[in-house]
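Participant: Residue numbers (the numbering used here), protein chains in the order written: chain A, 32 to 439; chain B, 87 to 340. Where is the CB? At the ideal position from N, CA and C, for every residue including glycine. Supplied in structure tokens, the structure appears directly below.
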């Protein structure tokens with residue numbers, strides 16, 4: 032079949048981040064991890080404690096999903112796909128079985144020498160991660176889910192995931208990346224490549240939930256063909272020590288569109304940098320990037336860069352709420368526009384504020400306690416009701432509002 | 087047989103300032119249970135400040151005096167606590183809040199009602215606020231729309247003591263009739279016993295609301311205090327005839 036990425040990502044700037052070599056040094060992490068079952072188990076057999084943790088990151092093991100994959104520490108422990116419409120395999124298996132994957136999709140949306148993180152991933156002998164391919168014309172009704180769980184203390188988990196949507200297909204994917212609540216420290220490096228075919232639609236929701244000493248560097252690249260659509264939702268629940276994320280989306284086909292929604296909490300001790308770039312490379316492409324950050328004392332950098340190389344329409348909106356009066360927390364909002372084409376109509380807005388006391392008291396005049404009013408304001412700020420995310424996310428965003436409202 | 091009429095609200099020698107500016111000056115006022123009073127007076131006389139102080143908004147600092155609700159001093163209670171006692175306010179210029187809809191606050195107000203969703207729909211229809219029920223609260227609404235939204239909130243809360251800041255200003259005849267019917271419903275919830283009313287305080291300039299609502303007593307505010315109290319119709323007639331200047335002259339020469 033015709034390669035979906037006919038306009039393969041070209042001329043991607045690689046990043047020299049030698050200073051990060053130390054941060055990324057795997058030597059600081061242990062090889063020892065919990066004994067895992069040999070072979071794969073069905074979803075119902077995943078231990079109850081793990082199942083509970085997974086549910087907190089949007090991965091539900093009690094039905095209502097078209098497919099489930101769980102990666103624990105260094106191996107897949109469950110791979111189930113209940114649909115004829117798509118195939119889900121551990122990436123290592125897919126590479127063995129389908130040489131085409133290595134030829135056309137493996138490190139094509141993210142070049143293998145993009146930066147130190149990607150180089151580490153490319154150096155893996157056996158890739159760890161998932162491969163999903165939705166067949167042409169198939170619209171998968173129930174969401175498919177993957178959990179990347181770090182169950183052991185102080186390990187380095189390096190994953191590589193590839194998602195391919197053939198022409199006219201649709202998929203909703205939920206990826207939960209989390210550490211067990213008992214785990215403090217870890218390193219999670221991830222490369223994610225998505226290929227969205229013509230008229231296809233991929234909705235990818237990532238929920239992150241990390242221990243306080245976890246460092247995570249996701250590197251994502253998505254290529255969208257003609258009239259394809261990529262929606263990416265990212266919710267960071269329990270913030271890690273350090274998150275540096277800058278997903279790249281290449282709208283290479285005419286009429287391709289992308290939408291990002293990023294909802295992040297930065298608590299004391301966290302450094303969260305969530306950027307994102309959309310390359311509007313073809314006519315009539317469009318993008319909408321929305322960042323909502325609540326900072327209770329950590330560092331937060333939020334941004335979105337739109338690069339318009341053709342007639343297109345795009346908007347980036349960063350809003351931050353700084354709730355920490357101690358002066359240690361900070362929010363930096365950096366929306367950016369870069370245009371190479373006079374018909375690239377792009378706009379941006381950014382705002383950073385706090386909770387307005389008049390608004391809190393107005394809500395209290397309905398009988399609310401102060402905390403209830405603050406939570407309602409934060410939930411309104413994070414935009415749950417207006418964006419129509421799934422029920423799972425609503426609960427998690429409400430939790431962020433609670434945590435932020437209590438100033439923990 | 088006479089009932090002992092307790093005062094639902096009593097204000098004793100109240101002094102209030104905001105941002106260093108004095109707003110209320112030794113103000114005293116008593117409103118008995120079941121009575122609706124009107125607050126008149128020129129702009130800047132302190133009418134809105136009095137209502138906001140009663141509600142407990144923190145930028146209004148009480149420097150002297152007491153506010154008593156059903157005999158209990160409430161000076162130390164915050165806005166939420168006073169609301170839970172049964173005090174509510176329909177503001178003239180409430181804040182706009184992004185991400186919070188009229189539906190969500192009314193839903194909160196109705197959380198203990200027997201059939202909240204049905205009640206919400208019914209109130210929305212009665213107040214004619216359906217078009218903006220799911221918009222950011224007070225966002226881009228006209229003066230009349232804000233009044234209806236605020237009244238819908240009061241109806242949902244069903245407070246023991248409701249305050250309204252100029253519900254009849256800038257409203258045309260038709261809209262005034264709607265506002266009037268909503269206010270009557272609020273103060274006389276039992277249609278079969280209209281005499282048994284809840285209590286309230288209404289700020290009005292024009293007195294137009296009196297065409298739709300019976301008011302028990304009117305007070306004219308002057309320089310942060312109550313200057314004169316009496317029969318609402320007579321007072322409004324006097325103000326219409328001779329303006330507030332005559333009231334000021336009268337109060338000064340008393």
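Just confirm the distance between the C-beta atoms of residue 151 of chain A and residue 220 of chain A, as a whole number of angstroms; I'd bet it's less than 8 Å.
Facilitator: About 6 Å; that satisfies the 8 Å criterion.
Participant: Any C-beta of chain A sitting closer than 7 Å to the C-beta of residue 221 of chain B?
Facilitator: no
Participant: Between the alpha carbons of residue 364 of chain B and residue 132 of chain B, how many angstroms are there, rounded?
Facilitator: With chain B covering 87 to 340 only, the question about residue 364 of chain B has no answer from this structure.
Participant: Look at the alpha carbon of residue 73 of chain A and the alpha carbon of residue 109 of chain A, and state the distance between them as a whole number of angstroms.
Facilitator: 6 Å
Participant: Per DSSP, residue 352 of chain A is paired with what?
Facilitator: A:325 and A:384
Participant: Taking just the CA atoms, how far does residue 266 of chain B sit from residue 261 of chain A?
Facilitator: 52 Å
Participant: Tell me the DSSP secondary structure of residue 207 of chain A in three-state form.
Facilitator: In the structure shown, the three-state DSSP call for residue 207 of chain A is strand.
Participant: So residue 326 of chain B is in the alpha helix (DSSP H); what residue range does that whole segment cover?
Facilitator: 318 to 338
Participant: Could you spell out where the alpha helix (DSSP H) holding residue 267 of chain B opens and where it closes?
Facilitator: 259 to 273
Participant: Please report how far the alpha carbon of residue 140 of chain A lies from the alpha carbon of residue 124 of chain A, in whole angstroms.
Facilitator: 20 Å
Participant: Tell me, please, whether the CB atom of residue 170 of chain B is closer than 7 Å to any CB atom in chain A?
Facilitator: yes
Participant: With a 10 Å radius around its C-beta and 16 neighbouring C-beta atoms as the bar for buried, classify residue 252 of chain B as buried or exposed.
Facilitator: buried
Participant: Excluding sequence positions up to five away, which residues of its chain have a Cβ less than 6 Å from the Cβ of residue 350 of chain A?
Facilitator: 323 and 382
Participant: Determine which residues share a DSSP beta bridge with residue 192 of chain A and list them.
Facilitator: A:223
Participant: Taking three-plus beta-carbon pairs below 8 Å as touching, is the segment 81 to 95 of chain A in contact with the segment 200 to 212 of chain A?
Facilitator: yes
Participant: Could you name the residues of chain A that residue 144 of chain B contacts, counting a contact when the two beta carbons are closer than 8 Å?
Facilitator: 388 and 392
Participant: Hey, how far is the Cα of residue 151 of chain B from the Cα of residue 157 of chain B?
Facilitator: 14 Å
Participant: To the nearest angstrom, report how far apart residue 379 of chain A and residue 310 of chain B are at their CA atoms.
Facilitator: Cα atoms of residue 379 of chain A and residue 310 of chain B: separation of roughly 47 Å, rounded to the nearest angstrom.
Participant: With a threshold of 7 Å between beta-carbons, can residue 384 of chain A be considered close to chain B, or not?
Facilitator: With a threshold of 7 Å between beta carbons, residue 384 of chain A makes no contact with chain B.
Participant: What residue range does the beta strand (DSSP E) around residue 111 of chain B cover?
Facilitator: Counting along the chain, the beta strand (DSSP E) containing residue 111 of chain B begins and ends at 107 to 118.
Participant: Do residue 163 of chain A and residue 61 of chain A have their C-beta atoms within less than 7 Å of each other?
Facilitator: no
Participant: How would you list, in chain order, the residues of chain B whose beta-carbon sits under 9 Å from the beta-carbon of residue 351 of chain A?
Facilitator: Result: empty, since nearest Cβ-Cβ is about 13 Å, beyond 9 Å.
Participant: At 4 residues or longer, what runs of the alpha helix (DSSP H) sit wholly inside the segment 108 to 147 of chain A?
Facilitator: 122 to 128 and 130 to 135
Participant: For residue 216 of chain A, name the three-state secondary structure that DSSP assigns.
Facilitator: strand
Participant: Between residue 345 of chain A and residue 339 of chain A, what straight-line distance do the alpha-carbon atoms span, to the nearest angstrom?
Facilitator: 8 Å
Participant: DSSP puts residue 202 of chain A in a beta bridge; with which residues?
Facilitator: A:233
Participant: Can the beta-carbon of residue 181 of chain B be found closer than 7 Å to that of residue 392 of chain A?
Facilitator: In this structure, residue 181 of chain B lies away from residue 392 of chain A, with their beta-carbon atoms at least 7 Å apart.
Participant: Hey, would you say residue 302 of chain A sits closer than 7 Å to residue 267 of chain A, going by beta carbons?
Facilitator: Not closer than 7 Å, so no.
Participant: Here's a check: name, in chain order, each residue in its chain whose Cβ is nearer than 8 Å to the Cβ of residue 214 of chain B, leaving out the five neighbours to either side.
Facilitator: Counting only Cβ-Cβ distances below 8 Å, and skipping sequence neighbours, we find 234 and 264.
Participant: Output the distance between the C-alpha atoms of residue 293 of chain A and residue 321 of chain A, rounded to the nearest integer angstrom.
Facilitator: 6 Å
Participant: If we define contact as Cβ-Cβ less than 7 Å, is residue 396 of chain A a contact residue for chain B?
Facilitator: yes
Participant: Taking 7 Å as the CB-CB cut-off, is residue 181 of chain B touching chain A?
Facilitator: yes
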